[in-house]
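A.B. asks:
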Amino acid sequence: AQSVTQPDIHITVSEGASLELRCNYSYGATPYLFWYVQSPGQGLQLLLKYFSGDTLVQGIKGFEAEFKRSQSSFNLRKPSVHWSDAAEYFCAVYPGGNEKLTFGTGTRLTIIP
Amino acid sequence: DTGVSQDPRHKITKRGQNVTFRCDPISEHNRLYWYRQTLGQGPEFLTYFQNEAQLEKSRLLSDRFSAERPKGSFSTLEIQRTEQGDSAMYLCASGGQGNQPQHFGDGTRLSIL
Chain A
8 AQSVTQPDIH
18 ITVSEGASLE
28 LRCNYSYGAT
38 PYLFWYVQSP
48 GQGLQLLLKY
58 FSGDTLVQGI
68 KGFEAEFKRS
78 QSSFNLRKPS
88 VHWSDAAEYF
98 CAVYPGGNEK
108 LTFGTGTRLT
118 IIP
Chain B
4 DTGVSQDPRH
14 KITKRGQNVT
24 FRCDPISEHN
34 RLYWYRQTLG
44 QGPEFLTYFQ
54 NEAQLEKSRL
64 LSDRFSAERP
74 KGSFSTLEIQ
84 RTEQGDSAMY
94 LCASGGQGNQ
104 PQHFGDGTRL
114 SIL
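For the protein sequence lines, the chains are A and B, in the order given.
Per the working numbering, residue 8 is the first one in the first sequence, and the count goes up by one each step.
Per the working numbering, residue 4 is the first one in the second sequence, and the count goes up by one each step.
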């Protein structure tokens, strides 16, 4: 079965600084990969997805992620964070077919002025 | 596209009571998913429907839980004889065929007194 690891439970960055959130997955082949964001008390909003092709994918709100097959990673990046980016971020993998979407445990992002 | 709608947003009930939640998916989506999310965790898959057929149920879905999607549109999730451990956020998502991303509602937060 597939699994997702987000090694950082909580990250604090200063507003305007760059951001990288880590995600590693375990699966025999290359799955479909997603990043979602969740604000307190809200559902999950899709930031970006990787299906195939270009390993650097662009998403909404200025986020991007890079798929690295050799490292089984799909890290999320943003060059300059804004206070409104404070939220919980979830990486998820979907193997395809009738398999289920599996989420990591999330990384909580705090932005300091 | 009005998004995925869940009702109620919050439910507080006493242990032992039955509760029912409703999810209205995005109208053109034929897949509907239920997840449970506890504090500090990512969403965990409970069950999913393709049209009106319930295709998979997680082992997390004990016999006190039942989900329906009678006409392939909205879905309900019922929990009978609620227990303290049922306190969680219950998220609904809908998606199209195959690898299309799932779109989430804002969830129903259940608190058991």
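We put the beta carbon where it would ideally sit given N, CA and C, even for glycine.
Note that this is a predicted model, so its numbers are computed, not measured.
Near B:Pro1, which residues of its chain fall below 6 Å by C-beta distance, leaving aside the five closest residues on each side in sequence?
C.D. replies: Examination of residue 1 of chain B is not possible in this model, given that chain B is present from 4 through 116 alone.
A.B. asks: Counting only beta-carbon atoms, is A:Lys56 nearer than 8 Å to chain B?
C.D. replies: So, interface residue.
A.B. asks: Starting from the C-beta of B:Gly75, find all residues in its chain whose C-beta is less than 6 Å away, skip the five residues before and the five after it, and write them out in chain order.
C.D. replies: The answer, listed in chain order, is Asn54, Glu55.
A.B. asks: Given a limit of 7 Å on CB to CB distance, which residues of the segment 61-80 of chain A reach chain B?
C.D. replies: From the segment 61-80 of chain A, no residue has a Cβ closer than 7 Å to chain B.
A.B. asks: Along chain B, which residues have their Cβ under 8 Å away from the Cβ of A:Tyr39?
C.D. replies: The answer, in chain order, is Asn102.
A.B. asks: Considering just the uninterrupted stretch of the beta strand (DSSP E) at A:Thr112, what are its terminal residues?
C.D. replies: Here A:Thr112 belongs to no beta strand (DSSP E), and DSSP marks it neither H nor E.
A.B. asks: By the three-class DSSP mapping on this structure, what secondary structure does A:Lys68 have?
C.D. replies: DSSP places A:Lys68 in helix when its eight states are reduced to three.
A.B. asks: Out of A:Ser79, A:Lys56, A:Pro14, A:Tyr32, which one is the CA nearest neighbour of A:Ala72?
C.D. replies: Residue A:Lys56 is the option with its Cα nearest to A:Ala72.
A.B. asks: With the cut-off set at 8 Å, would you say A:Gly111 and B:Gly19 are in Cβ contact?
C.D. replies: Cβ distance not < 8 Å, so A:Gly111 and B:Gly19 don't count as in contact.
A.B. asks: Under a three-way DSSP split, which group does B:Arg40 fall into?
C.D. replies: Looking at the sequence shown, residue 40 of chain B is not Arg but Gln. B:Gln40 falls in the strand class under three-state DSSP.
A.B. asks: Name the chain A residues that come within less than 8 Å of B:Gly99, Cβ to Cβ?
C.D. replies: In chain order: nothing, as chain A lies at least about 13 Å away.
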